[in-house]
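Trainee: Supplied in structure tokens, the structure appears directly below.
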Amino acid sequence: MDFSPTEEQALAVESFRRFVERDIKPVTDTLRDAPYPKETAHALLGKVMEFGVGNGWVPVEDGGCGLDFLSSGMLFETLARFAPDLAGIAWVTDGAALKIQQTASPEVKARYLPGLVSGDLIGCSAISEPDVGSSVRELRTRAVRDGRYFRLTGEKMWTSNATVADIVTVLARTGEDDFTMFLLDRKEHDFEAREIPKLGLNGWPLCQVILNDVVVSEANVLGTVGRGLKEVMKGFERSRCFVSALALGIGQAAFDDARAYAMERRQFGKPIAGHQLIQSLLAQMATDLDAARLLTYRALWLMSSGRRCEMEAAMAKAFTAEAMLRVASNAIQIHGAFGVTKEFPVERHFRNARMLTIPDGTTQINHLIMGKNITNISAFA
Ligand SMILES: Cc1cc2nc3c(=O)[nH]c(=O)nc-3n(C[C@H](O)[C@H](O)[C@H](O)COP(=O)(O)OP(=O)(O)OC[C@H]3O[C@@H](n4cnc5c(N)ncnc54)[C@H](O)[C@@H]3O)c2cc1C
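As structure tokens, then:
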């Protein structure tokens with residue numbers, strides 16, 4: 166097992182970090198807790214795509230950057246350290262682009278992929294529903310065949326990016342136990358997306374999507390009719406690794422701020438960083454970060470080498486999301502009362518970290534996946 170960054174990866178991360186600090190953070194800092202306007206989201210996405218963030222997974226021959234998952238994860242972690250909302254928008258777009266690259270017909274690919282890998286188009290993926298989250302198989306949105314078309318009706322919830330997205334991939338029920346993935350184009354298909362106000366990551370829209378008898382051509386089916394759920398399940402390993410990478414960036418930002426504050430703030434005649442219990446908090450935070458990074462990089466490295474990593478991705482996701490929440494909470498503790506004010510960024514890091522124990526398998530669901538791997542007994546049944 167060797168997933169220490171190569172010289173090339175380290176250089177790419179360092180030059181991206183300098184770019185994000187200089188060209189992205191000043192813009193995203195002004196947006197803070199407001200949803201990114203659509204034009205801003207497109208413009209920023211176009212900029213980070215020059216480094217392979219948001220278009221990194223699509224192979225070069227299809228216009229993407231063809232990055233391996235470990236390199237891509239390191240870049241996402243770097244972006245999330247300074248602009249986690251943009252990292253979220255880019256991550257979901259990367260996923261939509263890869264789905265289209267892998268499953269769309271040549272015509273659909275030619276129509277959408279160039280825009281998705283250049284930042285002209287933003288993508289999203291609508292799976293969850295108001296009554297269906299962890300148990301995807303129970304989803305209710307229906308797609309009924311009507312000649313060469315399908316008619317889609319239902320309600321999707323928690324669709325990241327939907328209000329700024331140009332295309333939405335929707336998983337719908339096409340039979341008793343059959344699910345199919347469709348591509349919807351905002352310009353062509355009449356659906357509604359509404360932003361849901363939430364705790365953190367407020368620049369990154371989380372949305373409700375209403376589908377009211379939306380007519381979609383069979384040409385827009387992604388993959389094979391009836392096999393959509395299988396495709397979605399395959400993508401969860403990857404998305405768990407990348408939620409971990411986003412959480413790592415947020416945790417690193419909280420740690421950096423806490424360390425800087427501890428060096429500066431004086432109590433009892435010396436910087437609080439010199440008090441043993443503050444050092445203990447910093448030591449716990451550094452350990453959480455290191456352990457989470459090792460788990461996340463291991464899972465990304467396994468994916469990069471084309472291996473399955475169900476157990477490792479579940480471990481990385483569950484541990485990292487919870488550990489980065491602890492790190493952000495400890496960062497507030499180190500700041501004392503200032504930590505819970507809007508004057509310092511740590512309250513925002515905490516709210517941002519709080520968002521990530523839920524998507525792509527809650528901590529509990531990831532524990533059940535690990536339990537199944539350990540015991541060979543599925544607790545889902
Ligand atoms: C920031 C964010 C981004 C998201 N982005 C998207 C997106 O782009 N597209 C999309 O489709 N969805 C998205 N989601 C939705 C996300 O995938 C779901 O919220 C998640 O799958 C959990 O579903 P739920 O919220 O309905 O909770 P539920 O499934 O109702 O779970 C509620 C609670 O019950 C627990 N629970 C459920 N089943 C079990 C069990 N068998 N045993 C023990 N405990 C259990 C859960 O762990 C949780 O604590 C996003 C959510 C967030 C927060």
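According to my numbering, the sequence shown holds residues 166 to 546 in order.
Just so you know, even glycine gets a beta-carbon here, dropped at the ideal spot from N, CA and C.
For clarity, every value in this text was computed on a predicted model and none was experimentally measured.
#1: Let me check understanding here. Comparing Cα to Cα, which of V390, G260, M166 lies closest to P224?
#2: Can you tell me whether F545 sits near ligand 1, meaning its C-beta is under 7 Å from at least one heavy atom of the ligand?
#3: What is the rounded straight-line gap between the Cα of A199 and the Cα of R513?
#4: Please return the same chain residues whose Cβ sits closer than 7 Å to the Cβ of L411, not counting the five positions on each side in sequence.
#5: Report buried or exposed for P191, applying the criterion of at least 16 other Cβ atoms within 10 angstroms of its Cβ.
#6: In whole angstroms, what separates the C-alpha of I415 from that of A479?
#7: List the whole-angstrom C-beta distance separating D549 from I287, where the pair is believed to meet the contact cut-off of C-beta under 8 Å.
#8: Please report the residue range of the beta strand (DSSP E) in which K321 lies.
#9: On the criterion of 16 or more Cβ atoms from any shown chain inside 10 Å, does K183 qualify as buried, or is it exposed?
#10: What three-state label does DSSP hand M166 in the structure shown?
#11: Nearest-angstrom Cα distance between L530 and S299?
#12: Hey, which unbroken runs of the alpha helix (DSSP H) at 4 residues or more fall wholly within the region 403-489?
#13: Rounded to the nearest angstrom, what separates G400 and T258 at their Cα positions?
#14: Less than 7 Å between C-beta atoms, sequence neighbours within five positions excluded: which residues of the same chain meet that for M322?
#15: Pick out the complete beta strand (DSSP E) segments inside the region 253-320, 3 residues or longer, and give them in chain order.
#16: How is the beta strand (DSSP E) around I539 delimited, first residue to last?
#17: Can you give me the Cβ contacts of G388 inside the same chain, cut-off strictly under 7 Å, excluding the 5 residues immediately before and after it?
#18: Is it buried or exposed, I361, if we count other Cβ atoms within 10 angstroms and call 16 or more buried?
#19: So the beta strand (DSSP E) A337 belongs to, where does it begin and stop?
#20: Within 10 angstroms of its Cβ, does T485 collect 16 or more other Cβ (buried), or is it exposed?
#21: From what residue to what residue does the beta strand (DSSP E) around N517 run?
#22: Does the Cβ of Q529 lie closer than 7 Å to at least one heavy atom of ligand 2?
#23: What is the DSSP secondary structure of N495, reduced to helix, strand or coil?
#24: Go ahead and label D188 buried or exposed: buried means 16 or more other beta carbons lie within 10 angstroms of its beta carbon, across all protein chains shown.
#25: Determine the direct distance from the alpha carbon of F407 to that of I536, and round the result to whole angstroms.
#26: Along the chain, where does the beta strand (DSSP E) that runs through L349 open and close?
#27: With DSSP collapsed to three states, give me the class of F356.
#28: Taking 8 Å as the cut-off, decide whether the C-beta atoms of N326 and V282 are in contact.
#29: Please return the same chain residues whose Cβ sits closer than 8 Å to the Cβ of E508, not counting the five positions on each side in sequence.
#30: With 16 other CB atoms within 10 Å as the buried threshold, where does A177 fall?
#31: In the region 177-206, which residue ranges form an unbroken alpha helix (DSSP H) of at least 4 residues, counting only runs that do not cross its ends?
#32: Could you spell out the range, first to last residue, of the beta strand (DSSP E) harbouring L376?
#33: Starting from the C-beta of W466, find all residues in its chain whose C-beta is less than 6 Å away, skip the five residues before and the five after it, and write them out in chain order.
#34: Quick one: what does DSSP say V386 is sitting in, helix, strand or coil?
Mentor: Taking the coordinates as given:
#1: Here the question's residue 224 lines up with position 59 in the sequence shown. When the alpha-carbon of P224 is set against those of V390, G260, M166, the nearest one is in G260.
#2: Numbered from its first residue, the sequence shown carries residue 545 at position 380. The answer is yes for F545.
#3: In the sequence shown, counting from the first residue as 1, residue 199 sits at position 34. In the sequence shown, counting from the first residue as 1, residue 513 sits at position 348. Taking the straight line from one Cα to the other gives about 12 Å.
#4: By one-based count along the sequence shown, residue 411 stands at place 246. Excluding sequence neighbours, L411 sits near F241, A245, P249, A252, G253, W256, L521.
#5: Locating residue 191 in the sequence shown gives position 26, counting from the first residue. Flag for P191 reads exposed.
#6: Sequence index remark: in the sequence shown, residue 415 carries index 250 (1-based). Sequence index remark: in the sequence shown, residue 479 carries index 314 (1-based). Going from the Cα of I415 to the Cα of A479 covers about 19 Å.
#7: This structure gives no information on residue 549, because the portion of the chain shown stretches from 166 to 546.
#8: Numbered from its first residue, the sequence shown carries residue 321 at position 156. Element bounds for K321: 314-325.
#9: Here the question's residue 183 lines up with position 18 in the sequence shown. The sequence as given places Arg at residue 183; Lys does not occur at that position. Result: exposed.
#10: Residue mapping note: residue 166 aligns to position 1 of the sequence shown, counting from 1. If DSSP states are grouped into helix, strand and coil, M166 belongs with coil.
#11: Numbered from its first residue, the sequence shown carries residue 530 at position 365. Numbered from its first residue, the sequence shown carries residue 299 at position 134. A small fix is needed here, since residue 530 is Ile in this sequence, not Leu. Roughly 7 Å separates the two Cα atoms.
#12: Listed in chain order, the complete alpha helix (DSSP H) runs (minimum 4 residues) inside the region 403-489 are 441-469.
#13: On the sequence shown, position 235 is the one that residue 400 refers to. On the sequence shown, position 93 is the one that residue 258 refers to. Straight-line Cα distance between these residues: approximately 14 Å.
#14: Residue 322 sits at position 157 when you count from the first residue of the sequence shown. If we look at M322 and ignore the five residues flanking it on each side, its Cβ neighbours are S293, E294, P295, Q373.
#15: The region 253-320 is shown to contain whole beta strand (DSSP E) runs of 3 or more residues at 288-291, 307-311, in chain order.
#16: As a first step, residue 539 is located in the sequence shown; it is residue number 374 there, counting from the start. It is not in any beta strand (DSSP E) - I539 instead sits in the alpha helix (DSSP H) that spans 528-540.
#17: Position 223 of the sequence shown, counted from the start, is the residue given in the question as residue 388. Same-chain partners within the cutoff: T268, M346, E396.
#18: Residue numbering aside, residue 361 sits at position 196 when the sequence shown is read from its first letter. With fewer than 16 Cβ atoms within 10 Å of its Cβ, I361 is classed as exposed.
#19: Locating residue 337 in the sequence shown gives position 172, where the first residue counts as 1. Per DSSP, A337 belongs to the beta strand (DSSP E) from 332-338.
#20: For this step, residue 485 is matched to residue 320 along the sequence shown. By the 10 Å Cβ count, T485 comes out buried.
#21: One-based indexing of the sequence shown puts residue 517 at position 352. Where N517 is concerned, there is no enclosing beta strand (DSSP E), although the alpha helix (DSSP H) it sits in stretches over 511-519.
#22: This structure simply doesn't include ligand 2; it includes ligand 1 instead.
#23: Taking the first residue of the sequence shown as position 1, residue 495 is located at position 330. Three-state result, N495: helix.
#24: Here residue 188 refers to the residue found at position 23 when the sequence shown is read from its first residue. Exposed, since its Cβ has fewer than 16 Cβ neighbours within 10 Å.
#25: Counting from one through the sequence shown, the residue named residue 536 turns up at place 371. Counting from one through the sequence shown, the residue named residue 407 turns up at place 242. For clarity, residue 536 is Gly in the given sequence; the question names Ile instead. C-alpha separation (whole angstroms): 22 Å.
#26: For this step, residue 349 is matched to residue 184 along the sequence shown. In the DSSP assignment, L349 falls within the unbroken beta strand (DSSP E) covering 344-350.
#27: The residue you call residue 356 lines up with position 191 of the sequence shown. Note: F356 maps to strand in three-state DSSP.
#28: Against the sequence shown, residue 326 aligns to sequence position 161. Against the sequence shown, residue 282 aligns to sequence position 117. No. Outside cutoff.
#29: As a position in the sequence shown, residue 508 is number 343, starting the count at 1. A distance below 8 Å between beta-carbons, with the five flanking residues on each side excluded, links E508 to no residue of its chain.
#30: Start at 1 with the first residue of the sequence shown, and residue 177 comes out as number 12. Buried is the call here.
#31: 190-196
#32: For the purposes of this step, residue 376 is identified with residue 211 of the sequence shown, where counting begins at 1. It spans 371-382 - the beta strand (DSSP E) in which L376 sits, taken as one unbroken run.
#33: Sequence index remark: in the sequence shown, residue 466 carries index 301 (1-based). Once the five neighbours on either side are set aside, the close Cβ partners of W466 are F168, L235.
#34: Translated into the one-based positions of the sequence shown, residue 386 becomes position 221. V386 falls in the strand class under three-state DSSP.
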